[in-house]
Amino acid sequence: MFSDDQLNEIIVEAENVPSRVVPEKTPVNSSFSMVSSISDIDVTDSQSFGNPDDKKSKQLLRFSTSLNESFLQTLHRSPGSVGIDTSHENIQGQKLIASLIPMTSRDRIKAIRSQPRTMEEKRNLKKMVDKEKSKQSHRILEFNCCAQCLNSVSQAYRRSKNSLSELLSYISLWQKTFKVIGGKFGTSVLSYFNFLRWLLKFNIFSFIVTFSFIIIPQFTVPEKNTLQFTGLEFFTGAGYFQDTVMYYGFYTNSTVQHGSSGAPYNMQLAYIFTIGACLIVCFFSLLFSMARYFRNNFINPHIYSRGITKLIFCWDFTVTHERAVKLKQKNLSTEIRENLSEIRQENVKLTLNQQLIHVLAHLAAWVVSTGVAIACCVAVYYLAENNSEFLKNHQNPGAVLLLPFLVSCINLATPRLYSLFRLVERYETPRREVYILLIRNIFLKISIIGILCYYWLNIVAQAGEECWETLIGQEIYRLLLMDFVFSLADSLLGEFLRRLIGMQFPTSLGLQEFDIARNVLELIYAQTLVWIGTFFCPLLPFIQMISLFIMFYVKNISLMMNFQPPSKAWRASQMMTFFIFLLFFPSFTGVLCTLAITIWRLKPSADCGPFRGLPFFIHSIYSWIDTLSKRPGYLWVVWIYQNLIGSVHFFFILTLIVLIITYLYWQITEGRKIMIRLLHEQIINEGKDKMFLIEKLAKLQDMEKRANTSSFTMERRDVEQTSPLHVREHNAAHDLRFRRSVQEENPKV
Amino acid sequence: MCSSLATRVAPRRPGASGACSRALAAAFTMGNKQTVFTHEQLEAYQDCTFFTRKEIMRLFYRYQDLAPQLVPLDYTSCPDVKVPYELIGSMPELKDNPFRQRIAQVFSDDGDGHMTLDNFLDMFSVMSEMAPRDLKAYYAFKIYDFNDDGYICAWDLEQTVTKLTRGELSAEEVSLVCEKVLGEADGDHDGRLSLEDFQNMILRAPDFLSTFHIRI
């Protein structure tokens, strides 16, 4: 209704920005300064969940963009003179530089990098800040050469960090492959491969730690291996491998000492501390990753929108392959059409009958899925229990593979069964469907692992077998191996066959899409087994490393050959957050529970392993503390153990403090939600005010114009009627009136 | 490794093998031995972008490879060289992107799409995965603002939707989509999206960080 220029002029006038402003950037400037006036309230919190560094850089982002001239001016300015230039950009340029000077160099570089300016402006900014900083440091140089030392140290540290990151990026795996995958399939499929690479890092770290601290010392104290090597060991894990560093049972419980002057190396303590260190590092790394993902990707559920805006503005720029881009454009059109029609159907209410049918369908699906999961667990437990008799009857060494085979079959078939429920159930949003499918699958997998752990810890460990830890290690190895073989077969054969079938009947099935959720759950399942099994089989991270490596290439090849890019938008960030949460919550915490029960409650076997003969595994730590308490130099360790780790009061007080802090943060979050809502309403009101004022101003201007044209004609008639004697006087009065009306017409020129 | 990427993503160009050997040379050079930039220039680039020294050299060789006759191998004297838009738009990373023209226009000095080395580095620095969300949101806003007036109005949205769907949607559907977008994202109800509306909307779309990303 109003032209854009009119609107822009009025906006400029309303905010009183001085006239010497670069015209084409005016509206952006004005919106920036409007926001900066609102930001006097603590609005930065509501706009981000970021740390103080981000807040500061966000405030810097709001300064005007065209500061090049002001930079050049201040560069040429003589050092002693005070700038009498009061232009808008100069003031803001000074403010920016002044805010950058007191920052540490790391923060300063971060702030400069985040500035939305051209490279030349950033370079000039950096030069000026460095100049000002060196001027300031010159003045205090005489008093504080420590500051310069610190400066050079920090610079050296920064340079070394840069070269380290260069080195890391140099050995970073699969960068080119990621580019190709992302180019053809987009970010969502790439998130699966990213997850795989991230899990690989965990395993590499675990392997390096266990190799250095447990396996190498054990190599220096070798024991004879009298068993025969047949090729079957790779599948069963038993036989020759039983007496190698692969399993717990091979490790000595002695204190290794080479020569009379070598340092003693207690294998018991080394074993338990190494496994503990691996788990603690994995725990903290998982925790920090989860927290970071939550912070970046958490969406306030109150402002969730099934919106079309995300489809429009979140185009995947990583897709570079021509056919993939065309396909993506076609899929996007389909999704937009679906979204438009959804909105039209949103108001269609279902009848009571239909609602009842839907609820019944959901209930039936849940009952069936839970029933299937429980049935699978019972079958596994029954087979595991009868396994020992079965093995005695069948002398075939491959018979031990029956249980892993059954478990892998269950893991293969049941998720596909769950996917079939889609035909019966109808969900409101596809997102809910994906989440419910995931929950059912993870319930199945965790139940199977849980029932197996129960069997191992309660039956195998207490059955009085000779070396039950090794037996458990072998079982876990077989499970992992069978899982790996099944995944390979599925990728190489199953998906290939599916593509052939799809090509035969092109209209109905078409090419398949990569099922990210199912594949990620398989990775989580395997990683859970590895974490449990590291205690019983220290070489397991190495085995998992190799299998992940091979899986990457197999999945990559299968992806390129057999799959098409995804047709629906897949919210990769939210899904990743959920997957990492799943990795932490049922998976890793379950591992911690299992190992805690093992260490505190179970009796180690009497003849093998580093803990042989002890009543419980934890007694190795107790005896160590006892030996330390006899040495005067280490009494602080004993004190820490007795008063911090072993005392109930300390944990009680700690829990209380953590709960209080959590409650306070929760209240702060609630307060901020209210603040967000109020500010949102304020924005809407300001917009309404703006439109109202614009309309009123336009109406006034119209009225002025009409009034002036009518008074003009009336005055002309008066002038014609009066005598010539009064002509000059009337002319002067008329001129005066005309000038005044012109001035009124342009009020704020 | 470089030539396999070239065959997979683009037809072989005559300069490719030379670029490959130069890129390999860059990869094995520690920063002190290169002769393209002075030490201060390279350090300034490192501090003003999100790239390491090695990546800056690799990007320089990619830039040089676009127009080998135009771009000198010695930047110590800061030559004023602009690679025309047609060559930038033919890069394998950009050639099929529906917004390649807008990207080049936003990051070039005069808005015409012809880019200097500074513009080139700036562009890939903002589109890299280390750039923060606000910086990306700012530039995404400028890219979607086709008429450069500082606001995304209905006409800008129509252009965006047309480029995204490549003519698959009818005109009525396109205008319906634009209406819906304005209804959802326009916070102050002035009929167009300001930078704040856009940033607010981006906050609710956490995928933005990973999708607004070009690997090079």
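Protein chains in written order, with full-length UniProt numbering: chain A, 1 to 749; chain B, 1 to 216.
In this text, a Cβ means the ideal position worked out from N, Cα and C, and glycines have one as well.
Keep in mind it's a predicted model, so treat the numbers as computed, not measured.
In this chain, residue 115(A) is not harboured by any alpha helix (DSSP H), its DSSP state being neither H nor E. In chain order, 568 place their CB closer than 8 Å to the CB of residue 430(A), counting only its own chain and leaving out the 5 sequence neighbours on each side. At least one CB of chain B lies nearer than 8 Å to the CB of residue 317(A).
By the 16-neighbour rule on beta-carbons within 10 angstroms, residue 130(B) is exposed.
Chain-ordered listing is empty here: chain B has no CB closer than 8 Å to the CB of residue 196(A), the nearest sitting near 16 Å. Residue pairing of residue 513(A) in beta bridges, as defined by DSSP: 564(A). Here residue 152(B) is bridged, per DSSP, to 193(B).
Rounded to the nearest whole angstrom, the CA to CA distance from residue 285(A) to residue 588(A) is 12 Å.
The alpha-carbon separation between residue 215(B) and residue 488(A) amounts to approximately 30 Å. Within a 10 Å sphere around the beta-carbon of residue 88(A) sit 16 or more other beta-carbons, which makes this residue buried. Between the beta-carbon of residue 528(A) and that of residue 590(A) there is about 7 Å, and that keeps the pair under the 8 Å contact cut. Spanning the alpha carbons of residue 228(A) and residue 240(A) requires a straight line of approximately 6 Å. By the neighbour-count criterion, in which a residue is buried when 16 or more other Cβ atoms sit within 10 angstroms of its Cβ, residue 709(A) is exposed. In this model, residue 112(A) and residue 122(A) are separated by some 7 Å (Cα to Cα). Rounded to the nearest angstrom, the Cβ distance from residue 198(B) to residue 152(B) is 7 Å, consistent with a contact under 8 Å. Contact of residue 88(A) with chain B is not assigned, every C-beta pair being separated by 8 Å or more.
Taking a C-beta cut-off of 8 Å against chain A, the contacting residues of the segment 50-67 of chain B are 50, 52, 53, 54 and 55, listed in chain order.
Secondary structure note for residue 394(A): it is in no alpha helix (DSSP H), with a DSSP letter that is neither H nor E. In this structure residue 516(A) is in contact with residue 191(A), their Cβ atoms being roughly 7 Å apart against a cut-off of 8 Å.
Using a CB distance cut-off of 8 Å, residue 165(B) counts as an interface residue toward chain A.
Identification of residues in the segment 105-131 of chain A having a C-beta nearer than 7 Å to some C-beta of chain B yields 109, 112, 113, 114, 116, 118, 119, 120, 122, 123 and 126, given in sequence order. Remark: C-beta atoms of residue 139(B) and residue 195(B) do not approach each other more closely than 8 Å. Residue contact check for residue 289(A) against chain B: no CB pair falls below 8 Å. Inter-segment contact for the segment 114-125 of chain B and the segment 32-52 of chain B is present: three or more beta-carbon pairs are separated by less than 8 Å.
When Cβ pairs closer than 8 Å are counted between the two stretches, the segment 276-283 of chain A is seen not to touch the segment 147-162 of chain A, the count staying below three.
Excluding the 5 residues flanking it on each side, residue 582(A) has same chain C-beta neighbours closer than 7 Å at 442 and 524, in chain order. Of all residues in the segment 168-195 of chain B, those with a C-beta nearer than 7 Å to a C-beta of chain A are 168, 169, 173, 176, 177, 180, 181, 184, 185, 187, 188, 189, 190, 194 and 195, reading in chain order.
Contacts between residue 312(A) and chain B, judged by CB atoms closer than 8 Å, involve 157, 160, 161, 164, 177 and 181 in chain order. Along the segment 99-129 of chain B, going in chain order, the ones with a CB nearer than 9 Å to a CB of chain A are 99, 103, 107, 109, 116, 117, 118, 119, 121, 122, 125, 126 and 127.
Look at residue 211(B): its C-beta is under 8 Å from a C-beta on chain A.
Less than 8 Å divides the Cβ of residue 473(A) from the Cβ of residue 247(A). Counting C-beta pairs closer than 8 Å gives fewer than three between the segment 210-225 of chain A and the segment 550-570 of chain A, which falls short of the contact rule.
In terms of Cβ geometry, residue 400(A) and residue 391(A) form a close pair [threshold 8 Å]. Between residue 317(A) and residue 211(B), the C-beta spacing is below 8 Å. Collapsing the DSSP output to three states places residue 256(A) in a strand. Between the segment 111-120 of chain B and the segment 80-96 of chain B there are three or more inter-stretch CB-CB distances shorter than 8 Å, so the stretches are counted as touching.
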